[in-house]
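Asks: Sharing a structure with you now.
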Amino acid sequence: MTSMRQAWGETLVELGRDNDKLTVVDADLAPSTKATLFESAYPQRFIQAGIAEQNAVGMAAGLASLGFIPWLSSFGVFFTQRSLDQIRMLVSQTHMNVKFGGAYSGLLNGSSGKTHEDVEDIAIMRAMPNMTVLSPADAEETKAAVRWATGYDMPVYLRLSRDDAGDLPEAGNDDGFAIGQPKVLRKASDMASSKTSINSDSTSTYGSVVLISTGAQSIRTLESADLLASAGLQTTVIHLPSIKPLDETAILEAIGDARYVFTVEEHSIYGGIGGLVSEIVAGRPRSAQPGVHGSATADAMAPQVVRIGLNDEWTQCGPNDFLLDRYGLSAQRVAQKVEETVGIA
Amino acid sequence: MNTHNTTNKKSTTQSPSEPVDIETLKALSRKGRWLVMSTVAASKAGHIGGPLSAMDMFVALYFRQLNIDPEHPDDPHRDRFILSKGHNAIGLYSVLAMRGYFPIEELKTFDHGDSRLQGHPDMLKTPGIDISSGSLGQGLSVGIGMALGAKKLGKSFHTWVMLGDGECQEGMVWEAILSAPRFKLDNLTAIIDLNGLELYGWEAGPNDRFDRGEPLGHVDLPSVFHGFGWNVIEIDGNDFTSILGGFDKAMANRGSGKPSIILAKTTKGAGVSFTSGTYKWHNGVATPEQLAIARDELKQGEEDKSAISTREGEQS
Ligand SMILES: Cc1ncc(C[n+]2csc(CCOP(=O)(O)OP(=O)(O)O)c2C)c(N)n1
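Residue numbers (my numbering), protein chains in the order written: chain A, 1 to 345; chain B, 346 to 661.
See below:
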């Protein structure tokens with residue numbers, strides 16, 4: 001197992017070999033973001049901007065205007081919040097080829113506490129025109145995302161977790177990294193051997209249940225799905241490595257005629273993937289003829305979207321397990337919330 | 346404003362009215378450094394280098410300079426202190442504990458879930474914290490607001506702000522530096538802890554890299570601050586005579602219509618041999634062996650061995 005930030009650093013070293021335009025601009029956090037790997041390999045292409053994130057983004061825009069491909073290195077929170085105007089005007093509005101390595105995304109930041117929690121970045125960055133927002137789940141997916149982003153001539157914001165969360169199961173990695181595509185990690189119907197399987201079973205008491213998550217949380221969401229399965233509830237699990245762009249049709253297809261969609265994220269429930277999925281579900285086009293999608297009520301019955309994430313409060317410092325449990329994002333807490341909502345608790 | 350549930354114990358150290366001599370200050374500094382080292386080791390997370398470089402100034406502020414009362418942390422007439430470099434929280438907490446804001450025992454909860462002592466200062470949780478910090482570069486502006494507000498309210502308290510030299514790379518710091526003299530804030534003193542090192546950015550020593558060197562090493566700071574309209578005071582921030590002299594000069598500057606800046610030369614990680622003069626101990630967790638060395642160097646007594654051994658047991 002490798003952490004996402006480690007995978008980020010390693011992949012930049014790999015890409016830097018054939019691409020002498022690749023540079024890293026650090027804002028004094030290289031040991032934490034693992035940009036040190038790039039620095040050791042290509043010291044002349046590592047630029048230390050110091051503790052000056054706004055200046056760093058401006059410098060990166062200048063470098064990009066000359067054909068360089070700068071990857072910025074800091075904690076996501078210091079870019080998206082400290083340099084927001086600089087990102088907006090100098091990178092997004094200019095289509096500048098600047099990439100952001102947003103390390104320590106989410107809630108789990110090595111117990112630095114609320115000043116360092118990066119739990120609004122999806123809301124902020126997905127509102128930004130021309131900005132691609134990637135949120136891989138594990139090291140392999142991170143590598144694929146970094147390769148894709150480096151080859152893409154527009155701004156990209158990449159969310160990277162601090163700690164190893166684990167690896168997505170093989171099935172999730174089969175199709176590599178396809179920009180904009182959700183990954184269906186598990187289908188409830190694949191679990192049909194269970195007598196309580198319900199996704200394709202219209203007689204179910206609960207109605208079908210879909211769990212959608214992003215980043216490192218997706219691995220824990222799979223664990224939640226295991227817990228639910230042992231409690232008799234089969235669920236479909238969808239992971240979003242690409243938050244923007246996102247193929248909305250593919251999402252709607254994966255949701256199908258589910259009764260419940262739970263979004264689970266290490267992010268505020270406002271404006272994160274909970275908001276994103278709600279927007280997609282609410283915006284689903286009406287078909288001319290009700291019922292053409294197989295279920296007589298498909299058009300009439302939009303799924304209930306339940307957003308699991310950080311509520312309207314600031315959190316605190318503490319070990320990962322404590323924080324996940326306290327703020328409702330541990331596999332157990334998520335499973336419990338699902339059970340309560342669908343009524344099997 | 347502060348909603349913390351204050352369970353202050355009586356100060357076990359000095360009462361505010363007693364003058365504290367330099368030998369006592371030195372002993373308090375050694376104790377404070379020990380509390381930093383042992384607490385971070387026990388919590389397995391936290392910063393070392395900055396808190397140790399600033400410790401002598403924290404002690405001088407809280408035991409000699411600030412007009413404060415741990416029994417009444419929210420007294421509206423108290424002097425204000427802003428730790429702009431908020432990652433040095435454990436340094437400040439150690440001194441607040443020694444000064445009696447909360448029990449020294451409580452340091453054991455540093456950085457734990459549900460603790461009043463968060464990884465970065467939280468004014469809603471810890472008695473004695475005048476403003477939250479942790480995202481660098483913002484404290485001086487708050488100090489300007491407090492000093493300006495004091496003038497408008499006709500209050501005579503003094504506002505102190507401590508910044509890191511790495512932190513001074515943030516643009517907002519310079520916005521504040523530019524504006525404070527405009528408001529004639531002679532009731533404001535900023536201290537820059539010039540330890541020459543930050544988290545990583547600039548390794549000390551000879552280097553052929555164009556972007557290497559001390560964070561502010563290329564700046565003629567006294568001239569710059571004179572030019573910006575500040576009263577400039579230069580001190581050795583690890584020497585109490587020099588520190589107290591500097592504080593006196595800043596106070597003597599009240600009435601001049603100028604804010605004061607104290608340029609404090611220090612050593613990052615000062616007081617413990619292996620943490621001294623390296624960015625590598627910006628943060629870090631000492632092993633039990635390293636802790637034992639630190640304890641000897643800081644001349645901490647036998648009673649503190651028990652702290653080491655229980656904490657050893659906690660190491661995973
Ligand atoms: C806005 C912001 N950027 C980056 C960081 C991460 N960070 C924490 S401490 C630090 C280095 C600070 O160096 P300095 O100000 O010199 O402090 P000292 O050496 O005195 O501890 C950095 C980059 C942060 N906390 N806030």
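All C-beta atoms, glycine included, are put in the ideal place defined by N, C-alpha and C.
The structure presented is a predicted model; accordingly, all values stated were derived computationally and were not measured.
CB-CB under 6 Å to Gln-645 (chain B), same chain, minus the five flanking residues each way: which ones, in chain order?
Replies: Once the five neighbours on either side are set aside, the close Cβ partners of Gln-645 (chain B) are Trp-379.
Asks: Any idea if Gln-410 (chain B) is buried or exposed, counting beta-carbon neighbours within 10 angstroms, 16 or more meaning buried?
Replies: Buried is the call here.
Asks: With 9 Å as the threshold, decide whether the Cβ of Ser-492 (chain B) is near any Cβ in chain A.
Replies: Checking the sequence, you will find Ala at residue 492 (chain B) rather than Ser. So no, Ala-492 (chain B) is outside the interface.
Asks: Looking at the structure shown, is Phe-68 (chain A) part of a helix, part of a strand, or coil, going by DSSP?
Replies: DSSP places Phe-68 (chain A) in coil when its eight states are reduced to three.
Asks: Going by beta carbon distance, what residues of the same chain come within less than 6 Å of Arg-5 (chain A), once the five residues before and after it are set aside?
Replies: Closer than 6 Å at Cβ, skipping near neighbours: Thr-33, Lys-34, Ala-103, Leu-160.
Asks: For Glu-512 (chain B), count neighbouring Cβ atoms within 10 angstroms of its own Cβ and tell me buried if that reaches 16, exposed if not.
Replies: Counting Cβ neighbours within 10 Å, Glu-512 (chain B) comes out buried, since at least 16 surround it.
Asks: May I ask you to report which of helix, strand or coil DSSP gives Phe-262 (chain A)?
Replies: It is a strand residue.
Asks: What does a CB cutoff of less than 6 Å around His-317 (chain B) pick up in its chain, not counting 5 residues either side in sequence?
Replies: Not covered by the structure: residue 317 (chain B). The range shown for chain B is 346 to 661.
Asks: Would you say Leu-37 (chain A) reaches chain B, if we count a Cβ-Cβ gap shorter than 9 Å as a contact?
Replies: It does not: the Cβ of Leu-37 (chain A) has no partner Cβ on chain B nearer than 9 Å.
Asks: Within 10 Å of its beta-carbon, does Thr-586 (chain B) have 16 or more other beta-carbons around it, so buried, or fewer, so exposed?
Replies: Label assigned to Thr-586 (chain B): exposed.
Asks: Looking at ligand 1, does it come within less than 8 Å of Arg-378 (chain B), judged from the CB to the closest heavy atom?
Replies: Arg-378 (chain B): no, Cβ never under 8 Å from ligand 1.
Asks: By the 7 Å beta-carbon criterion, what residues does the region 386 to 401 of chain B contribute toward chain A?
Replies: Under the 7 Å Cβ criterion, the region 386 to 401 of chain B contributes Ala-390.
Asks: Quick one: does Phe-79 (chain A) have its CB under 9 Å from some CB of chain B?
Replies: No, Phe-79 (chain A) lies away from the interface with chain B (no Cβ there is under 9 Å from its Cβ).
Asks: Using DSSP's beta-bridge definition, name the partner residues of Gly-102 (chain A).
Replies: Answer by DSSP bridge pairing, in chain order: A:Ser-74, A:Arg-159.
Asks: Could one say the Cβ of Thr-115 (chain A) lies closer than 9 Å to chain B's Cβ atoms, at least one of them?
Replies: Yes, its Cβ sits closer than 9 Å to a Cβ of chain B.
Asks: Classify Ser-618 (chain B) as buried or exposed, calling it buried when 16 or more other Cβ atoms lie within 10 Å of its own Cβ.
Replies: With fewer than 16 other Cβ atoms within 10 Å, it is exposed.
Asks: Kindly indicate if chain B contains any beta-carbon less than 9 Å away from that of Val-13 (chain A).
Replies: It does not; no Cβ of chain B falls within 9 Å.
Asks: For the region 506 to 520 of chain B, which residues have a CB atom closer than 9 Å to at least one CB atom of chain A, in sequence order?
Replies: Taking 9 Å as the Cβ-Cβ cut-off against chain A, the residues of the region 506 to 520 of chain B that qualify are Gly-509, Gly-511, Glu-512, Cys-513, Gln-514, Glu-515, Gly-516, Met-517.
Asks: Does any CB atom of chain A fall closer than 9 Å to the CB of Lys-644 (chain B)?
Replies: No, Lys-644 (chain B) lies away from the interface with chain A (no Cβ there is under 9 Å from its Cβ).
Asks: In three-state DSSP terms, what is Thr-357 (chain B)?
Replies: Here Thr-357 (chain B) scores only 39 on pLDDT, less than 50, and its place in the model should not be relied on; the value that follows carries that caveat. In this structure, Thr-357 (chain B) counts as coil in the three-state DSSP scheme.
Asks: For Ser-194 (chain A), collect the residues of the same chain with a Cβ closer than 8 Å to its Cβ; drop the 5 residues on either side in sequence, then sort them by chain order.
Replies: Note that Ser-194 (chain A) scores 44 on pLDDT, short of 50, meaning its location in the model is unreliable; the coordinates nonetheless yield the value given after this. Ala-229, Gly-232, Gln-234.
Asks: Classify Thr-632 (chain B) as buried or exposed, calling it buried when 16 or more other Cβ atoms lie within 10 Å of its own Cβ.
Replies: Under this definition Thr-632 (chain B) is an exposed residue.
Asks: Around ligand 1, which residues pass a check of Cβ closer than 5 Å to any of its heavy atoms?
Replies: That query returns the following residues: A:Asp-28, A:Ile-51, A:Phe-78, B:Gly-395, B:Lys-430, B:His-432, B:Ser-480, B:Leu-481, B:Gly-509, B:Asp-510, B:Gly-511, B:Glu-512, B:Asp-538, B:Glu-543, B:Leu-544.
Asks: What number of angstroms, rounded off, separates the C-alpha of Val-119 (chain A) from the C-alpha of Lys-453 (chain B)?
Replies: So the alpha carbons of these two residues sit roughly 28 Å apart.
Asks: What separation, rounded to the nearest whole angstrom, lies between the Cα atoms of Asn-199 (chain A) and Val-237 (chain A)?
Replies: For Asn-199 (chain A), the predicted model reports a pLDDT of 43, less than 50, meaning its position is unreliable; a value from the coordinates is still stated below. Each residue's Cα considered, the two are about 12 Å apart.
Asks: Buried or exposed, going by whether 16 or more other CB atoms sit within 10 Å of the CB of Met-1 (chain A)?
Replies: Burial call: exposed.
Asks: Could you compute how far the alpha carbon of Pro-241 (chain A) sits from the alpha carbon of Glu-416 (chain B)?
Replies: Looking at the two C-alpha atoms, the distance is approximately 52 Å.
Asks: Relative to chain B, which residues along the region 323 to 336 of chain A have a C-beta separation below 8 Å, given in chain order?
Replies: Hits within the stretch, in order: Leu-323, Arg-326.
Asks: What would DSSP say about Trp-505 (chain B), mapped onto helix, strand or coil?
Replies: The answer is strand: DSSP assigns Trp-505 (chain B) an E or B state.
Asks: Per DSSP, what kind of secondary structure is Tyr-327 (chain A) in: helix, strand or coil?
Replies: Of the three classes helix, strand and coil, the one that applies to Tyr-327 (chain A) here is coil, per DSSP.
Asks: Counting Cβ pairs closer than 8 Å, one from the region 272 to 282 of chain A and one from the region 317 to 328 of chain A, do we hit at least three?
Replies: Short answer: they don't touch.
Asks: Whole angstroms are fine: how far does the CA of Leu-441 (chain B) sit from the CA of Ser-111 (chain A)?
Replies: Straight-line Cα distance between these residues: approximately 21 Å.
Asks: Taking its Cβ as the centre, do 16 or more other Cβ atoms sit within 10 Å of Val-305 (chain A), making it buried, or is it exposed?
Replies: So Val-305 (chain A) counts as buried.
Asks: For chain B, is any of its Cβ atoms less than 9 Å away from the one on Asp-28 (chain A)?
Replies: Interface residue, yes.
Asks: State yes or no: is the beta carbon of His-465 (chain B) nearer than 9 Å to at least one beta carbon in chain A?
Replies: Interface residue, yes.
Asks: Return no unless some Cβ of chain B is closer than 9 Å to the Cβ of Gln-316 (chain A).
Replies: For Gln-316 (chain A), the answer is yes, since a Cβ of chain B falls inside 9 Å of its Cβ.
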